[in-house]
Amino acid sequence: MDGAKVTLGRTAALYAGAAVLRLALFTLFPGLPDLLTGRVEISTPVTSFKRLQEGLFLYNHNVSPYDGGVYHQAPLFLPLFSLLPSFATLPIFTYLLYIAVDLLSASALIKIADSGEAGSSVHFTSPRREKRWSGFIVAAVFLFNPFTIATCIGRSTSVFTTAAILHAIAKAVAGAPFSAMVAISFASYLSLYPLLLLPPLLILCYDRRNALKPIPSRYNFAVSNVALVVGVIAVLFQMSRFLTGSWEFLPSTYGVQLTLSDLTPNIGLWWYFFIEMFDSFRSFFLAVFWLHLSCYVGGLSIRIRRQPLVVLTLLLGLFAIFKPYPSISDASLFLAMVPLYRHVFPLMRYTFVIAAVIMYTTFLGPAFYHLWIYAGSGNANFFYAITLVWGLGLSLLVCDLTFAVLRDEWEVERPEMVGKDIRQI
Amino acid sequence: MRQLFSLLLALLSAASLGCAASDYHEQLVLRPLPLSTLLASFNFRSNITLSAFEAHNFDLFPRSLAQILQHAGTRELHLRFSLGRWDAQSWGARPWDGAREGGTGVELWAWLEAQSDEEADQKWRTLTNALSGLFCASLNFIDGTRTTRPVMSFQPEGNHPNVTMDNMHLLYGVLPHEVVCTENLTPFLKLLPCKGKAGVASLLDGHKLFDASWQSMAIDVRPVCPSGGECVLEIEQTIDMVLDIERSKRPRDNPIPRPPPGHELKCESSKSYHSGDTCFPVDYTAGQEWSLNQIFGKSMRETCPLTDPSVPPVCLQVPESRHVYLSHGAVEKKNPDGKSRCFEIEPGTGFELILPRLESDDPARSAAAEIITPETPLLYAERSFTGHGQERGGVQTILRNPSPDTKVEFIYMESLPWFMRIYLHTIEARIEGHSGEQEPLIKEVYYRPAVDRARATQLEVRMRVPPASTVFLTYDFEKSILRYTEYPPDANRGFDVAAAVITILNPEKNGTRYAVYNMRTTSLLCSLPTPDFSMPYNVIIFTSTAIALAFGGMFNILVRRFVAADEGPEIGSTIKEKIGGKLIKLLEKLGKAKAVGKTTVTETKG
Chain E
1 MDGAKVTLGR TAALYAGAAV LRLALFTLFP GLPDLLTGRV EISTPVTSFK
51 RLQEGLFLYN HNVSPYDGGV YHQAPLFLPL FSLLPSFATL PIFTYLLYIA
101 VDLLSASALI KIADSGEAGS SVHFTSPRRE KRWSGFIVAA VFLFNPFTIA
151 TCIGRSTSVF TTAAILHAIA KAVAGAPFSA MVAISFASYL SLYPLLLLPP
201 LLILCYDRRN ALKPIPSRYN FAVSNVALVV GVIAVLFQMS RFLTGSWEFL
251 PSTYGVQLTL SDLTPNIGLW WYFFIEMFDS FRSFFLAVFW LHLSCYVGGL
301 SIRIRRQPLV VLTLLLGLFA IFKPYPSISD ASLFLAMVPL YRHVFPLMRY
351 TFVIAAVIMY TTFLGPAFYH LWIYAGSGNA NFFYAITLVW GLGLSLLVCD
401 LTFAVLRDEW EVERPEMVGK DIRQI
Chain A
1 MRQLFSLLLA LLSAASLGCA ASDYHEQLVL RPLPLSTLLA SFNFRSNITL
51 SAFEAHNFDL FPRSLAQILQ HAGTRELHLR FSLGRWDAQS WGARPWDGAR
101 EGGTGVELWA WLEAQSDEEA DQKWRTLTNA LSGLFCASLN FIDGTRTTRP
151 VMSFQPEGNH PNVTMDNMHL LYGVLPHEVV CTENLTPFLK LLPCKGKAGV
201 ASLLDGHKLF DASWQSMAID VRPVCPSGGE CVLEIEQTID MVLDIERSKR
251 PRDNPIPRPP PGHELKCESS KSYHSGDTCF PVDYTAGQEW SLNQIFGKSM
301 RETCPLTDPS VPPVCLQVPE SRHVYLSHGA VEKKNPDGKS RCFEIEPGTG
351 FELILPRLES DDPARSAAAE IITPETPLLY AERSFTGHGQ ERGGVQTILR
401 NPSPDTKVEF IYMESLPWFM RIYLHTIEAR IEGHSGEQEP LIKEVYYRPA
451 VDRARATQLE VRMRVPPAST VFLTYDFEKS ILRYTEYPPD ANRGFDVAAA
501 VITILNPEKN GTRYAVYNMR TTSLLCSLPT PDFSMPYNVI IFTSTAIALA
551 FGGMFNILVR RFVAADEGPE IGSTIKEKIG GKLIKLLEKL GKAKAVGKTT
601 VTETKG
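Taken in order, these protein sequences are the chains called E and A.
Heads up, the first sequence is in UniProt numbering, so the first residue is 1 and it goes up one at a time.
Heads up, the second sequence is in UniProt numbering, so the first residue is 1 and it goes up one at a time.
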C-alpha cells in the first residue's frame, strides 16, 4: 500500500516536473516556440503549427483551408483549436493543451511498462525479464528526452498522433480491444501511417484478450475489430466532411502524404530523392517507397509472432526513418519504446556507435542546414548527407534491437549458449 | 439618270459615313520632366463600328488582331509590355493616371464571353497562344499557374450591354520575367495603319525605346457606345517612355560610355572644394537643349495621310514663356491653359522641333520657368522583401499618402507564384508612428490560395490610407523547394514576382470612372533554395543504398538461423574456402604435371 503511494507520489512529481519545465521554456523564452516551429527537423508540412494557424485562420474566415497548398492536416484539428481561446491573445491555453497531451502519452507509456509485456508476453517469457526499468523511468526518459521537449515546444501536431498510438498500445496490453481500435483509428485519421500498425496491434489484443477470457473464433475477432476500425474512420471522415463541407480534404491531407507533392526538406529520405527523381519515374518510385514501408509489417508480425509489442516497437522505428514526412517527433516515440527492452540491452552490439551517430547528426544537422539555407556556403548535399547518416543510425538501432530480441528468444531454446559467440546461417 | 445620281449620292454618303465611323488619329505629347528627362507619350487610336467588325470589314482596325479577338470571343482586351521603374518621387504622377501602364514584363487582361469557367479557360488559352504568335512574346506561358480572376481590381472600361455582362469572364495573366524588346515593337507598329513609316510613329526606334529609363507599350481594345450613336470598337495603342536627355543625345556611332575629358566635365560649383583641379561631377545637366532628331535618333517624316487632320500630331508641355524652334511648314498653337502647345504640320512635310536652353541667371527661377512642375501622385508605393535566407521571408509594402487632407481608398492586388506560400494570418497593416487602437485599415480581403503546380495565389485587399500618413502592409511567406526539373537554367538568379497592382477607387460612389488612378509597384526577385543539379544519379544511388542497407540488415536477421560460432556446416562450405580449396587442388595438379614432365625428359636422355 505504502509502495503504491510512493510510486503515485513519484509519478505525480515526474509529471509536475515535466510540465513545469515545458511551461518555463514556453514563458521564459517567448521566441523559442516560434523558432522551433520554423525548424524543418520538428515541423513538417503535415504537422507544422504555423500551417495549422493558417488553416485555422482560413477556416474561421470561411475560406476552405483545403483549397490551397498550405494546410495538410486533419480537419478535426480546426474545430478543436477554434474552441480554444485565440492563440494570438491567450497562447497559454495552447501551451497547456500540448503539455497535457505529452503527459497523457507518458501515462500510457507507464501502463505499457508496468504491464511487463515487453519482458513476458503471453507466448514468450524472457529469461532476463527481471532486469527491467519501471514505468517511472521509462516515462521520465520519454518526458525529458530533448526530442520530445522540442516537439512539444515547437507545437507540432504529431504529438496527438503519438498520444493516440501509445494509448492504443496501452489499451491493447490491457486486453481492451475496443478502446485500442478506437485509439488506432484516431491515430490513422490524424496521420495515415499508424494504419500499418493494425496487424501487430490486433495480434497483441488477441493474445492479451485470449489470456483473460478465451475467444471462440480468431477470425471473428479479427474481422469485427477491423470492421470497428473502418467504422470509426468512416465516422471521422463523415464528421470532417460535415465540418469542411466537401471531400476535398482527402487529397489535401492523405493525398499529399501519398504523392509527396510538397518537397519541403525534413530529416527523412524521401524529399531529396523526389526532388532529384526523373519525372517519368516519380510515380514508380512513390509506389516502391510505400511498398517498402508496408513490407515490414507482414514479415515482422510473422517472424516475431510471440512478442507483438516488439513488432510494434520495431515498426515505429522503421516508420521514423522511412515514412514520407518524418520528424524528430517520430524518433522520440520510437526512443520512448526502446527503454522497455532494458533486459535485452546487453545483447545489443552497436550501442556506442548508435549513440554516437544520433548525437553527431543531432548537432550537425541544424549546422549543415544553416550552411545551406542561410550562410550559402554549403549546398543541399550537406543537409542531405546528414539525413542519410541519421537514417542509417536509426536503422542500425532497429536492426540491433531486432537481433537482440531474436537472440533472447533463441537463448530460451539453447540456454547453454548464453554469453557465447554465435553466428547466423 | 436621276435615279442613278441619287444612288451615287447614297453610295458617296455611305462611304463618307464609313470614313467618319472608322476614323484614326495619332498624337505625340512631349513633356520635359525634372532631372533632365523627357516623357514622350505616343497615342494611336482607331475605331470601327461593331456591325462592320461583325461583317469582317475591318478597315483601319488591324485585321490580324481583330480575327484573334473574334476567334477567342474577346469583348475587351488590355495588353501591356513594360520595362523599368517610374520614379514617382521625382517625376510625379504617371501619364494617363496610370491607366496605360503595366508591371515589368508582360501583362494581359481580357473579358471573354463564355458560358462557363471551363469555356473561358479554353478561350483564354486560345487568346494567349494567338497573341503570343502575333507579338513574338512568350504569352503562351500564361498557364493556370499564372492566371488569376481578379474580383475587385478591374472593371470593364468599355460599354457592354447588360446581356453580355453576365457571361463575361475576366482573366488576368502576368509574365514578370519576360524581357520586352525590339521584336515586340515591330509587330506593335505593324498594327498601325501607316506601319511606322509616316507620322509620329516614324520616330519610334527600338534602340531608343528600350534604352529609356521607363517605357510601357499598351494595347487596349474596348467597345464604346457614344450616346445616340452606333457602338464602335475602339483600339488604342499607347507608348510612354521616359528618356534621359543626356543619354539619348549620345551619338549612335560611339555608344560606349567613356569618361569625358577634364575640360568637358560638368562640375558642381556649389561644393566648397570646387576649384580648377577638383571636381564633383553633377549627375545630370539641367536645361539642356534638345531636338527631336537628337532624342529619337531621327526626324519625324510627313504625317500619316489617314490621320484625322483636326487632331494636332505633336504637342509639347512646357511653360508658355519658353521658345521653340520649328521646321518649315509647322504652325504653333498655344493652348489656353498656358501649359501646353500643339503643332500643326502641313501635309507632305517633315517636322523638326528644337527646344533651346533657357538662359537665366537665377537658378531657382529658372527651374519653374523651364518645366511644368509635375503633379503629386495620389499615393506612393514601394514594395520589398524582408528577412534573409532561402527558407522564409516577408513582403513589406510602404504606402504613403502625400495629401494633407484626403484619405485614399484603394485595392491592392498581388498575384504570386505558387512556390511562395503566403501565410494570410500574418497580414498586418499599421500606420507608422501609431500604435494605439484605431479604425482598421484593411476593409476587405479577397484571397484565393495557391495550389501546388496548378494555381497562383490571388490576394486582393481593399484598404485605406489616412491623410498625410504612411502605412506598412506586411505578410510572411515560405519559399518552397521545387523538383529539379522545375527550375529554370539560371536557378540561382531567382524567380520574378509580378508587380502588385494598386487601383485607387473613385471617392464619388456614383462617378463614371471606377478607378481614378492606377499604379504598379516594381517586381521582385525571390531566390528559392536549390538542390544540387549535378547529381540526380548520385542521390538516387545513395538513398537506395541506405534503404537497401536497412532492409538487407533486417532481412538478414529475420530469415537466418542462429547457431553457435563453432556449430553448423563446415567452414569449408563458404565461398572463400571453396575457392581456396580449388586453388590448392589446381596447384597440386600443376606440380604433379611438372614432375611427370621432368621424368619423361630424363627418360629420353637416358
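Cβ coordinates follow ideal geometry from the N, Cα and C atoms, glycine included.
Note that this is a predicted model, so its numbers are computed, not measured.
To the nearest angstrom, how far is the alpha carbon of residue i from that of residue j?
i: P34 of chain A; j: A130 of chain A; result: 41 Å
i: G376 of chain E; j: P161 of chain A; result: 58 Å
i: I411 of chain A; j: S82 of chain A; result: 21 Å
i: L291 of chain E; j: I557 of chain A; result: 20 Å
i: L528 of chain A; j: H388 of chain A; result: 11 Å
i: S275 of chain A; j: G262 of chain A; result: 13 Å
i: G196 of chain A; j: L204 of chain A; result: 7 Å
i: P216 of chain E; j: R306 of chain E; result: 20 Å
i: S132 of chain A; j: D496 of chain A; result: 20 Å
i: L397 of chain E; j: L318 of chain E; result: 10 Å
i: T373 of chain A; j: Q317 of chain A; result: 11 Å
i: P127 of chain E; j: A355 of chain E; result: 26 Å
i: A21 of chain A; j: F44 of chain A; result: Residue placement at A21 of chain A is poorly supported in this model, since its pLDDT is 41, which falls under 50; the coordinates still yield a value, given next. Their backbone Cα atoms lie some 16 Å apart in a straight line.
i: L473 of chain A; j: S283 of chain E; result: 42 Å
i: V539 of chain A; j: T397 of chain A; result: 40 Å
i: A18 of chain E; j: N145 of chain E; result: 10 Å
i: I579 of chain A; j: A187 of chain E; result: 54 Å
DSSP has residue i in a bridge; who is on the other side?
i: S534 of chain A; result: S534 of chain A pairs with nothing; no bridge assigned.
i: A25 of chain A; result: A small correction: the amino acid at residue 25 of chain A is His; Ala does not occupy that position in the sequence shown. H25 of chain A is bridged to A:R45.
i: P150 of chain A; result: Answer is none; P150 of chain A lacks a bridge partner.
i: V465 of chain A; result: A:V408
i: S120 of chain E; result: E:T125
i: N401 of chain A; result: A:S469
i: S82 of chain A; result: A:G105 and A:S216
i: E178 of chain A; result: None; E178 of chain A has no bridge partner.
i: D476 of chain A; result: A:G394 and A:Y423
i: K333 of chain A; result: A:C342
Kindly list, in the order they appear in chain E, the residues whose Cβ is closer than 7 Å to that of residue i.
i: V151 of chain A; result: None at all; the shortest Cβ gap to chain E is about 13 Å.
i: D532 of chain A; result: N379, A380 and N381
i: F542 of chain A; result: L388
Quick one: list the residues of chain A neighbouring residue i, beta-carbon separation under 7 Å, in chain order.
i: K50 of chain E; result: Y423
i: I275 of chain E; result: I481, R483, Y484 and P531
i: E54 of chain E; result: Y423, L424 and H425
i: G391 of chain E; result: A546
i: R407 of chain E; result: F562
i: D67 of chain E; result: P449
List, in order along the chain, the chain A residues whose C-beta lies closer than 9 Å to that of residue i?
i: R128 of chain E; result: Going along chain A, no residue has its Cβ under 9 Å from R128 of chain E, so there is no contact; the nearest lies around 16 Å.
i: F368 of chain E; result: Neighbours of F368 of chain E on chain A: none; closest Cβ ~13 Å, over 9 Å.
Name the chain A residues whose beta carbon is nearer than 8 Å to that of residue i?
i: H292 of chain E; result: I547 and F551
Please list, in chain order, the chain E residues whose beta carbon lies closer than 8 Å to that of residue i.
i: V563 of chain A; result: I422, R423, Q424 and I425
i: P536 of chain A; result: E276, M277 and F278
i: I557 of chain A; result: C399, T402, F403, L406 and Q424
Across the segment 323-330 of chain E and the segment 177-187 of chain E, are there enough close Cβ pairs to call them in contact, namely three or more that are closer than 8 Å? With a cut-off of 8 Å, the segment 177-187 of chain E and the segment 323-330 of chain E do not count as touching, because too few Cβ pairs lie within range.
Take every Cβ of the segment 142-150 of chain A, pair it with every Cβ of the segment 169-182 of chain A, and state whether three or more of those distances are shorter than 8 Å. Touching, yes.
Which residues, in chain order, does the segment 258-269 of chain E contribute to contact with chain A at a C-beta distance below 8 Å? Residues S261, D262, L263, T264, P265 and L269.
Does the segment 380-393 of chain E touch the segment 363-372 of chain E, meaning 3 or more C-beta pairs lie closer than 8 Å? The segment 363-372 of chain E makes contact with the segment 380-393 of chain E, as at least three CB pairs between them are under 8 Å.
Within 9 Å of chain E by C-beta, residues of the segment 51-67 of chain A in sequence order: Residues: none.
Identify each residue in the segment 437-466 of chain A for which the Cβ-Cβ distance to at least one residue of chain E is less than 9 Å, and report them in chain order. Within the segment 437-466 of chain A, the qualifying residues are V445, Y447, R448, P449, A450, V451, D452, R453, A454, R455 and T457.
At least 3 beta-carbon pairs within less than 8 Å: the segment 206-220 of chain E vs the segment 344-360 of chain E: Below 8 Å, too few C-beta pairs join the segment 206-220 of chain E and the segment 344-360 of chain E to call them touching: fewer than three.
Count the C-beta pairs between the segment 334-345 of chain E and the segment 233-249 of chain E that are closer than 8 Å, then say yes if the count reaches three, no if not. A contact between stretches requires three or more CB pairs, one per stretch, nearer than 8 Å, and the segment 334-345 of chain E fails this requirement with the segment 233-249 of chain E.
Residues of the segment 377-409 of chain A with Cβ closer than 8 Å to any Cβ of chain E, in chain order: Here the close residues are H388, G389, Q390, E391 and R392.
Examine the Cβ distances between the segment 270-282 of chain E and the segment 70-82 of chain E and report whether three or more of them are shorter than 8 Å. Touching, no.
Does the pairing of the segment 22-30 of chain A with the segment 296-315 of chain A give three or more beta-carbon distances under 8 Å? Contact between the segment 22-30 of chain A and the segment 296-315 of chain A is present, because at least three Cβ pairs lie under 8 Å.
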